[in-house]
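Residue numbers (the working numbering), protein chains in the order written: chain B, 15 to 136; chain P, 29 to 385; chain H, 21 to 238. See structure below.
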Amino acid sequence: MLENYFPILIFIALGLILGGIMVGIGLLLGKLMGHARSDAEKQSPYECGFDAFEDARMKFDVRYYLVAILFIIFDLEIAFLFPWAVALGDIGMAGFTAMMIFLGVLVVGFIYEWRKGALEWE
Amino acid sequence: MIELLHSLLDATLMPLVPESMHRITYLTFETVFKITLILTPLLLAVAYITFAERKIIGYIQCRIGPNRVGPRGWLQPIADALKLIFKEIIIPTGANRNLFIIAPVLSLAPSLAAWAVIPFNDHLVLADINAGLLYILALTSLSVYGIIIAGWASNSKYAFLGAMRSAAQIVAYEIAMGFALVGVLIASGSLNMGEIVAAQEGWLVHWFWLPLLPLCVIYFISGVAETNRAPFDVAEGESEIVAGFHVDYSGMAFSVFFMAEYANMIMIAALTSILFFGGWLSPFPEMIPILGEPGLFWLLVKISFFLFLFLWFRATFPRYRYDQIMRLGWKIFIPITIVWLIVAAVFVLIGLPPWFD
Amino acid sequence: MESDRVIVVPRCLLRIINKKMFELIVFYIFAALLLTSAVMVITMRNPVHAALSLILAFFSSAAIWLLLEAEFLAIVLVLVYVGAVMVLFLFVIMMLDINLAKIREGFIRFLPVGFLVALVMVIVMGSIVGSGIIEPLLEERVYYGPGFSNTQHLGQTLYTDYLYPFEIAGAILLVAIIAAISLTMRARRDTKAQDPNRQVAVKRSDRVRLVSMKTEDR
């Protein structure tokens with residue numbers, strides 16, 4: 015089984031290396047070929063014609079955290095569904111009922127979210 | 029080809045390698061060679077999709093598109109690449125230097141590495157792992173990091189807003205995507221990509237798109253949203269936040285993001301063809317000579333078709349508003365996928381012909 | 021013939037040793053990576069760097085699980101922890117303005133507590149390893165062939181033999197949903213959002229009021 019994962023290890027490493035090389039070449043050639051005269055205007059982050067008033071990293075609506083938390087919960091649900099889907103042929107009706115109860119409980123949670131307005135964006 | 033590689037290795041590197049490491053050295057170089065065989069066409073395709081995109085959208089809008097560089101504009105991507113290579117990469121003053129440079133690499137690597145498990149025909153696959161589909165889902169969930177880190181590292185409001193929007197959006201559509209994949213799993217009973225195609229054996233009507241039609245549509249639309257393509261491109265919506273998370277990137281650092289986006293597009297097209305449209309299988313019944321033969325050709329045709337859809341969408345639909353995107357993801361797609369999962373499970377349990385008998 | 025056999029047998033053996041050797045090398049690489057990144061999580065000055073080190077730590081532990089042939093768990097570790105939990109961490113770290121100096125202060129102040137927790141962990145783990153329940157498991161360990169799908173085997177037992185823990189997991193997830201919503205949901209008063217339903221359902225009488233009044237004098 016592990017032999018099959020060996021190419022994946024190499025592929026991930028190669029992907030990182032390839033990206034690194036490309037950005038590296040960009041940095042290097044930009045330095046070598048261009049005459050990089052930098053000034054405060056050029057190095058400043060993009061803004062609409064004025065200096066940024068404050069640090070760009072600002073406080074955000076708590077809604078984003080809520081979305082992330084709900085995402086984790088649903089991701090876990092998907093993780094539970096994967097082995098079930100693969101084994102459905104073997105576990106038959108019993109497995110099907112087990113998952114329906116599980117899904118039912120989570121659908122209750124989903125309806126709660128919906129009714130509470132956690133899914134609204136305005 | 030492999031023999032040639034072996035003899036080349038024997039002549040050069042092998043004498044330097046201790047005997048006990050020979051096998052692993054051979055294996056490493058073979059794998060690197062095969063990966064090159066996958067990546068070269070992929071990167072070429074990425075380059076030429078940018079060209080195809082400009083041409084096709086051009087014709088849709090009654091323009092010609094790029095036609096100056098080379099015959100009929102065919103050398104345009106090469107010219108673009110050359111230009112981007114020589115451009116200076118500007119790192120803004122307030123930026124976090126290391127993260128700023130790492131971000132594009134982190135966004136490219138997963139979009140390439142996902143190709144390791146894609147089968148090109150019934151024996152042509154680099155890593156024939158049992159958990160292929162799970163691996164794909166895990167890798168697609170990593171693509172969000174490049175965006176978040178880029179947005180944060182740039183220290184620009186536009187980049188940060190773009191990153192946060194796109195993170196929340198990707199997250200919402202990933203759930204729908206995951207549920208759609210579970211539907212495919214129920215239908216095929218395997219996580220292995222090759223076996224999923226094998227489970228669709230037959231012609232057009234035997235493929236999973238028919239019994240899993242809602243999941244298929246949702247998967248592809250979620251794929252469009254995941255790759256931040258129009259009409260879901262609020263992460264880089266030009267008219268609102270300029271270019272979103274990569275507004276401060278230039279030169280190669282920008283083009284790596286660009287390549288990651290297009291590689292992801294090809295990935296989604298390939299996955300849709302494999303999971304729902306029978307991969308390398310022919311759409312015609314086997315009785316028909318030549319056209320009925322399965323092969324790599326059919327996979328490429330299907331991938332091209334879905335890529336064309338990506339471009340077509342971009343030329344046709346106006347951009348969704350952000351709250352509409354979130355509503356579509358959470359309130360429409362997720363309920364439909366959950367319901368259809370149960371329907372698919374019932375199909376499998378009763379052995380609905382001709383797919384699940 | 022005799023000499024042939026002498027060559028063939030050691031080679032086969034060598035291959036097996038090589039495979040194990042290679043596994044061992046990979047294990048040590050990832051173990052070292054795991055430890056370094058775990059140390060980096062608590063020593064990094066920038067919280068975002070610390071979170072990224074934590075991601076690297078998850079990756080290395082996934083690789084180690086993979087070496088134990090637990091492919092489902094390994095990939096799910098990446099999917100859930102790296103793909104979801106760490107996204108939340110990054111959200112929180114990036115969007116709260118965290119005062120770096122304060123964090124450093126806390127590092128020294130909470131160090132004794134950290135040591136205490138670490139000590140408890142070491143004792144717990146030591147008691148498990150020392151109790152001798154692991155050795156027999158190690159001896160029983162079976163190496164499966166390439167065709168073995170451990171996701172499928174997990175599915176065959178999880179939803180039948182371990183039905184109750186599975187349903188309890190579902191209930192815990194429900195509690196998590198409700199808790200997350202009740203803790204973070206705030207109805208916003210200042211939004212100017214339109215409700216398309218109400219816009220469409222509007223009637224003339226809601227908007228226009230006909231008033232009969234006397235004509236005013238010039």
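The beta carbon of each residue, even a glycine, is placed where N, CA and C say it ideally should be. None of the values given here were measured: they were computed from a predicted structure.
Please confirm if residue i has its CB atom under 9 Å from at least one CB of chain B.
i, result
"Asp351 of chain P", "yes"
"Tyr179 of chain H", "yes"
"Ala77 of chain H", "no"
"Glu91 of chain H", "yes"
"Gln219 of chain H", "no"
"Phe186 of chain H", "yes"
"Arg100 of chain P", "no"
"Met41 of chain H", "no"
"Leu219 of chain P", "yes"
"Glu115 of chain P", "In the sequence on display, residue 115 of chain P carries Lys and not Glu. At least one chain B Cβ lies under 9 Å of Lys115 of chain P."
"Gly86 of chain P", "no"
"Leu53 of chain H", "no"
For residue i, which of the options has the nearest alpha-carbon?
i, options, result
"Ala258 of chain P", "P:Gly174, P:Ala204, P:Ala297 and P:Thr344", "P:Thr344"
"Leu337 of chain P", "P:Ile362, P:Ile224 and P:Ser301", "P:Ser301"
"Gly279 of chain P", "P:Val212, P:Leu110 and P:Thr59", "P:Leu110"
"Gly33 of chain B", "P:Thr78, P:Arg125 and P:Ala131", "P:Ala131"
"Val199 of chain P", "P:Thr78, P:Ile175, P:Leu112 and P:Gly217", "P:Ile175"
"Phe413 of chain P", "P:Pro239, P:Leu339 and P:Val275", "Here chain P comprises residues numbered 29 to 385, so residue 413 of chain P is not present and cannot be evaluated."
"Arg77 of chain B", "H:Val112, H:Glu43, H:Ala82 and H:Ala90", "H:Val112"
"Ile128 of chain H", "H:Thr204, H:Ser80 and H:Thr63", "H:Thr63"
"Val98 of chain H", "H:Leu183, H:Val46, H:Met41 and H:Phe78", "H:Phe78"
"Met107 of chain B", "P:Ile378, P:Pro382, P:Arg96 and P:Leu140", "P:Ile378"
"Ala80 of chain P", "P:Phe375, P:Met354, P:Val374 and P:Ser332", "P:Ser332"
"Leu102 of chain B", "P:Thr121, P:Ala373 and P:Asp385", "P:Ala373"
Roughly how many whole angstroms lie between the Cα atoms of residue i and residue j?
i, j, result
"Glu314 of chain P", "Leu232 of chain P", "11 Å"
"Leu327 of chain P", "Asp215 of chain H", "45 Å"
"Pro185 of chain H", "Leu117 of chain B", "15 Å"
"Met21 of chain H", "Ile52 of chain P", "Summary for Met21 of chain H: the model assigns pLDDT 39, below 50, so the residue's position carries little reliability; its value from the coordinates is reported in the next sentence. Approximately 29 Å between the Cα atoms of the pair."
"Asn18 of chain B", "Val133 of chain H", "44 Å"
"Leu122 of chain B", "Thr56 of chain H", "The sequence shown places Val at residue 122 of chain B, not Leu. Approximately 43 Å, taken between the alpha carbons."
"Ala195 of chain P", "Lys185 of chain P", "15 Å"
"Leu74 of chain H", "Ala297 of chain P", "32 Å"
"Ala199 of chain H", "Val107 of chain H", "19 Å"
"Val102 of chain H", "Leu134 of chain P", "13 Å"
"Pro322 of chain P", "Ile154 of chain H", "50 Å"
"Leu209 of chain P", "Ala93 of chain B", "11 Å"
"Pro242 of chain P", "Trp368 of chain P", "7 Å"
"Ser169 of chain P", "Glu116 of chain P", "31 Å"
"Pro46 of chain P", "Ala73 of chain P", "40 Å"
"Asp104 of chain B", "Met114 of chain B", "16 Å"
With a threshold of 16 other CB atoms inside 10 Å of the CB of residue i, please say whether the residue is buried or exposed.
i, result
"Tyr87 of chain P", "exposed"
"Met145 of chain H", "exposed"
"Val231 of chain H", "exposed"
"Asp38 of chain P", "exposed"
"Met205 of chain P", "buried"
"Glu202 of chain P", "buried"
"Leu110 of chain H", "buried"
"Pro346 of chain P", "exposed"
"Phe135 of chain H", "exposed"
"Ser23 of chain H", "Only weak support is given to the placement of Ser23 of chain H: the predicted model assigns it a pLDDT of 44, under 50, and the value that follows is read from those uncertain coordinates. Exposed is the call here."
"Arg193 of chain P", "buried"
"Tyr48 of chain H", "exposed"
"Arg82 of chain P", "buried"
"Thr171 of chain H", "buried"
"Gln197 of chain P", "buried"
"Glu31 of chain P", "exposed"
Taking 9 Å as the threshold (beta carbon to beta carbon), is residue i in contact with chain P?
i, result
"Met123 of chain B", "Here residue 123 of chain B turns out to be Gly, not Met, going by the sequence shown. Closer than 9 Å: no."
"Val29 of chain H", "Here Val29 of chain H scores only 44 on pLDDT, less than 50, and its place in the model is too uncertain to base an answer on."
"Ile22 of chain B", "yes"
"Ile115 of chain B", "no"
"Lys45 of chain B", "yes"
"Tyr126 of chain B", "no"
"Ile49 of chain H", "no"
Could you tell me whether any non-hydrogen atom of the ligand FMN is closer than 8 Å to the CB of residue i?
i, result
"Val140 of chain H", "As for the ligand FMN, it is missing from this structure, which has no ligand bound."
Does residue i have its Cβ less than 9 Å from a Cβ in chain H?
i, result
"Ala159 of chain P", "yes"
"Met107 of chain B", "no"
"Met295 of chain P", "no"
"Phe25 of chain B", "no"
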